[in-house]
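Chains A and B, in that order, give the protein sequences.
Note that the first sequence covers residues 36 to 148 in this note's numbering.
Note that the second sequence covers residues 1030 to 1142 in this note's numbering.
Heads up: the structure comes next, in structure tokens.
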Amino acid sequence: DTEVTQTPKHLVMGMTNKKSLKCEQHMGHRAMYWYKQKAKKPPELMFVYSYEKLSINESVPSRFSPECPNSSLLNLHLHALQPEDSALYLCASSQTGTAYEQYFGPGTRLTVT
Amino acid sequence: AQKVTQAQTEISVVEKEDVTLDCVYETRDTTYYLFWYKQPPSGELVFLIRRNSFDEQNEISGRYSWNFQKSTSSFNFTITASQVVDSAVYFCALGLRNTPLVFGKGTRLSVIA
């Protein structure tokens, strides 16, 4: 099973709202990733978790707060977002190390109003 | 510096034509990994292939084939007898030790019936 699931598929939120994006994988992968993708651009890495510990934060604003409750789950908590944060948010997982392919979820399309 | 160049921004072909998507990479590392991903309109990135720097063998998988040439730092992807379902954005990516995946800007392929 090479499936990564993400919920919700679509999310519209106001700038004062708090919401969370969820990601789950059951491939036994110990690395999980959040990416942000704007239209007609490649994915941009936001965070990497390795063995449930945050290993990379690509200077992401604090209004994005990641959490890895266990080896299968990854959350992204959103608070006080700006309209420019509207994008497709992709979760991925892989074996640890950059030698391995990442498996992506279908993404959450976020609109901030 | 690490870089991936996909010079073709958009390609349009008629169904059953062959099409080659170009990918040129830059790195000084001797150990690296190359990937191709497909992103259909639904948004999910689908892993297609991984190649390591020590394996220059070309690969064929059904209608897909990949040509890896270290001499020209290229990892090109050919689709034979293209189909409408091949319409997508295709990303080439470079994986290096202790460095996040570097994506090219992507090539949008449209296959017209």
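Using N, Cα and C, we set each Cβ at its ideal position, and we do this for glycine too.
Does the CB of residue i have a neighbour CB from chain B at under 8 Å?
| i | result |
| --- | --- |
| Gly140 of chain A | yes |
| Leu80 of chain A | yes |
| Val95 of chain A | no |
| Gly83 of chain A | Strictly speaking, residue 83 of chain A in this sequence is Val, with Gly absent from that position. Yes, its Cβ sits closer than 8 Å to a Cβ of chain B. |
| Pro43 of chain A | no |
| Pro104 of chain A | no |
| Pro77 of chain A | yes |
Helix, strand or coil, according to DSSP, for residue i in the structure here?
| i | result |
| --- | --- |
| Thr1101 of chain B | helix |
| Glu79 of chain A | strand |
| Glu119 of chain A | helix |
| Val1043 of chain B | strand |
| Val190 of chain A | Coverage of chain A is limited to positions 36 through 148, which leaves residue 190 of chain A absent and any answer about it impossible. |
Can a CB atom of chain A be found closer than 8 Å to the CB of residue i?
| i | result |
| --- | --- |
| Phe1064 of chain B | yes |
| Phe1106 of chain B | no |
| Thr1059 of chain B | no |
| Lys1134 of chain B | yes |
| Phe1097 of chain B | no |
| Gly1091 of chain B | no |
| Leu1138 of chain B | no |
| Thr1128 of chain B | yes |
| Leu1050 of chain B | no |
Note the first and the last residue of the continuous beta strand (DSSP E) segment covering residue i.
| i | result |
| --- | --- |
| His19 of chain A | Missing from the structure shown is residue 19 of chain A; chain A here goes from 36 to 148 and no further. |
| Val1131 of chain B | Thr1128 to Phe1132 |
| His45 of chain A | His45 to Met48 |
| Arg1080 of chain B | Val1075 to Asn1081 |
| Met67 of chain A | Ala66 to Gln72 |
| Gly1124 of chain B | Ala1117 to Leu1125 |
| Tyr1054 of chain B | Val1053 to Glu1055 |
| Val39 of chain A | Val39 to Thr42 |
Practice task
Residues of the segment 123-139 of chain A with a CB closer than 9 Å to any CB of chain B: list them in chain order, please.
Solution key: For the segment 123-139 of chain A, the set of residues with a beta-carbon nearer than 9 Å to any beta-carbon of chain B comprises Leu123, Leu125, Ala127, Gly132, Thr133, Ala134, Tyr135, Glu136, Gln137, Tyr138 and Phe139, in chain order.
Practice task
Can you give me, in chain order, the residues of the segment 1068-1086 of chain B that have a beta carbon less than 8 Å from any beta carbon in chain A?
Solution key: Per Cβ criterion, the list reads Ser1071, Gly1072, Glu1073, Leu1074, Val1075, Phe1076, Arg1079 and Asn1081.
Exercise for the section: State whether the segment 101-116 of chain A contacts the segment 74-85 of chain A, with contact taken as three or more CB pairs (one from each stretch) at a distance under 8 Å. Expected result: Judged by pairs of C-beta atoms under 8 Å, the segment 101-116 of chain A touches the segment 74-85 of chain A, as three or more such pairs exist.
Exercise for the section: Would you check if there are 3 or more beta carbon pairs closer than 8 Å linking the segment 1036-1046 of chain B to the segment 132-140 of chain A? Expected result: Touching, no.
Handout entry: Three CB pairs or more closer than 8 Å across the segment 1114-1122 of chain B and the segment 60-72 of chain A
Key = Touching, no, given that fewer than three Cβ pairs across the two stretches are closer than 8 Å.
Problem - the segment 139-147 of chain A contacting the segment 1086-1102 of chain B, beta-carbon criterion three pairs below 8 Å - result: Verdict: no, contact absent.
Practice task
Evaluate contact between the segment 95-102 of chain A and the segment 36-46 of chain A, counting only Cβ atoms and requiring at least three cross-stretch pairs below 8 Å.
Solution key: With a cut-off of 8 Å on Cβ pairs, the segment 95-102 of chain A is not in contact with the segment 36-46 of chain A, counting fewer than three such pairs.
Exercise for the section: Would you be able to state if there are at least three C-beta pairs under 8 Å between the segment 1094-1110 of chain B and the segment 1050-1060 of chain B? Expected result: Three or more pairs of CB atoms, one per stretch, sit closer than 8 Å, so the segment 1050-1060 of chain B contacts the segment 1094-1110 of chain B.
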